[in-house]
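Numbering (my numbering), first residue to last: 1226 to 1639.
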């Protein structure tokens, strides 16, 4: 047994191999203090396949246990003989002197049904269907959340913006197809300004527009010759507009008044190039994060445009090889970057790994945009040429991912 979380690193490095082969189901962890393990809580509940289980002196029945709970017991579970295989200790049913925790591998041939049950709890609600009426969509794309929690959706092929309450009730819509400043023509991206106004990339009209939440036009930025087909948009805390242009293959930054601050990027497959940069996000450090779809890369820049980091397929370490689809981006309250990758929502770690947060088992088939709500929610738009024209709201707890960029990478990364 070990006195603290950090000293278990070597054990977990070897144990993870046994877990992957499903030769070990349970691992006993002892710690001297609850606070010691609690500060690394995310370490034990990450990736959907790891969970702490409560014992309370009774026989453990994995199919009845609840996921993502941090629990302890001073009583050894019955029949727990895998301990020696995992930790090199002598198997025993005698309770240890310290509090005891259980680290369980759920993803194994015998536990797949348990994993399916757990994942079903992430979806809180979904709303919308294909159509032109209130609350219906035609290829919804970008999504944003207001300060009060309202959900703002770019209803692209209906050429309008729709706003819903946090529980999905329709509130209002504005916009209609046309070339005028107060009209829209395939709006793609949305973001909230510092004043809680709605910024929209009006793609075919080659403009970035700002509306009040009641739908009144406040500003229209065109910059003929510079903006050609704007797509994703993000707003900094000091109200700079950052958006991508998929025809210019560039990122364009406007000042709060709408004048051009700077641009960077051009077409190509080099580090500083873009190939259809769809979405963009800005983190608390005012770094610009871009999903470079054509290059299957996520790129992070200083605000002025200097490349800081680039993550590609070799960094993602996904089971599939070749082209992947990168779409929506957002950041959460802890500064983590979340990206739409194929049919999943993933966190991008500082090491470039993609860690699944929401997957197809949670109902995702064709996600496009993603937004974080401070109420602990992820809001996702889904668009397909068939039946998926909807918005899904998922449960998301930042506490589950606090250790993702430190202890987890070295201890249980696969």
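The C-beta atom is built at its ideal place from N, Cα and C for all residues, glycine as well. The structure displayed is predicted, hence computed values, not measured ones.
- Residue 1563 is not a Cβ neighbour of residue 1549, given a cutoff of 8 angstroms.
- A straight-line Cα-Cα distance of about 33 angstroms links residue 1377 and residue 1494.
- For residue 1541, there is no enclosing beta strand (DSSP E); the enclosing alpha helix (DSSP H) has its first and last residue at 1538-1541.
- Per DSSP, reduced to three states, the secondary structure at residue 1470 is strand.
- Counting along the chain, residue 1615 sits inside the beta strand (DSSP E) bounded by residues 1614-1620.
- Judged by pairs of C-beta atoms under 8 angstroms, the segment 1355-1367 touches the segment 1378-1391, as three or more such pairs exist.
- By the criterion of a C-beta distance shorter than 7 angstroms, residue 1375 is surrounded in its chain by 1388, 1389, 1390, 1391, 1396, once the five residues flanking it on both sides are discounted.
- About 7 angstroms separates the CB atoms of residue 1352 and residue 1615; that is less than 8 angstroms, so the two are in contact.
- Exposure of residue 1450 is indicated by the presence of fewer than 16 other C-beta atoms within 10 angstroms of its C-beta.
- Judged by their CB atoms, residue 1613 and residue 1559 are not nearer to each other than the 8 angstroms cut-off.
- Cβ contact annotation for residue 1565 (same chain, cutoff 6 angstroms, sequence separation greater than five): 1552, 1553, 1592, 1595, in chain order.
- The continuous stretches of beta strand (DSSP E) do not include residue 1391, and DSSP gives it neither H nor E.
- Taking C-beta separations shorter than 7 angstroms and ignoring five residues to either side along the sequence, the partners of residue 1617 in its chain run 1348, 1351, 1588, 1605, 1607, following chain order.
- Going by beta carbons, residue 1424 and residue 1471 fall outside the 8 angstroms limit.
- Minimum Cα-Cα distance from residue 1511 among the listed residues 1502, 1525, 1517 corresponds to 1525.
- In this chain, the beta strand (DSSP E) harbouring residue 1367 covers 1365-1370.
- In the three-state scheme derived from DSSP, where H, G and I count as helix and E and B as strand, residue 1581 is classed as strand.
- 1561 is the residue among 1625, 1408, 1561 whose C-alpha sits nearest the C-alpha of residue 1508.
- By the CB criterion at 8 angstroms, residue 1466 and residue 1476 fall outside the cutoff.
- Secondary-structure assignment with DSSP links residue 1412 through a beta bridge to 1427.
- Residue 1526 is bridged by DSSP to 1513, 1532.
- Secondary structure note for residue 1554: its beta strand (DSSP E) is the uninterrupted segment 1551-1556.
- With a 10 Å radius around the Cβ and a threshold of 16 neighbouring Cβ atoms, residue 1430 comes out buried.
- By the criterion of a C-beta distance shorter than 8 angstroms, residue 1422 is surrounded in its chain by 1435, 1436, 1437, 1438, 1443, once the five residues flanking it on both sides are discounted.
- Apart from the 5 residues on each side of it in sequence, residue 1573 sits with its Cβ closer than 7 angstroms to the Cβ of 1523, 1536, 1562, 1564, 1579 in its chain, given in chain order.
- Residue 1620 holds the alpha-carbon nearest to the alpha-carbon of residue 1584 among 1599, 1577, 1620.
- Residue 1419 carries a coil assignment under DSSP once its states are collapsed to helix, strand and coil.
- Residue 1361 has its alpha-carbon roughly 12 angstroms from the corresponding atom of residue 1394.
- Counting only the Cα atoms, residue 1371 lies some 9 angstroms from residue 1416.
- Between residue 1469 and residue 1446 a beta carbon distance of about 15 angstroms is seen, past the 8 angstroms cut, so the two are scored as non-contacting.
- Between residue 1433 and residue 1479, the C-beta gap is smaller than 8 angstroms, which places the two residues in contact.
- Counting along the chain, residue 1379 sits inside the beta strand (DSSP E) bounded by residues 1376-1380.
- The alpha-carbon separation between residue 1483 and residue 1448 amounts to approximately 9 angstroms.
- With 16 or more other Cβ atoms from the protein chains shown falling within 10 Å of its own Cβ, residue 1426 counts as buried.
- If you look at residue 1594, you'll find it in the beta strand (DSSP E) that goes 1592-1598.
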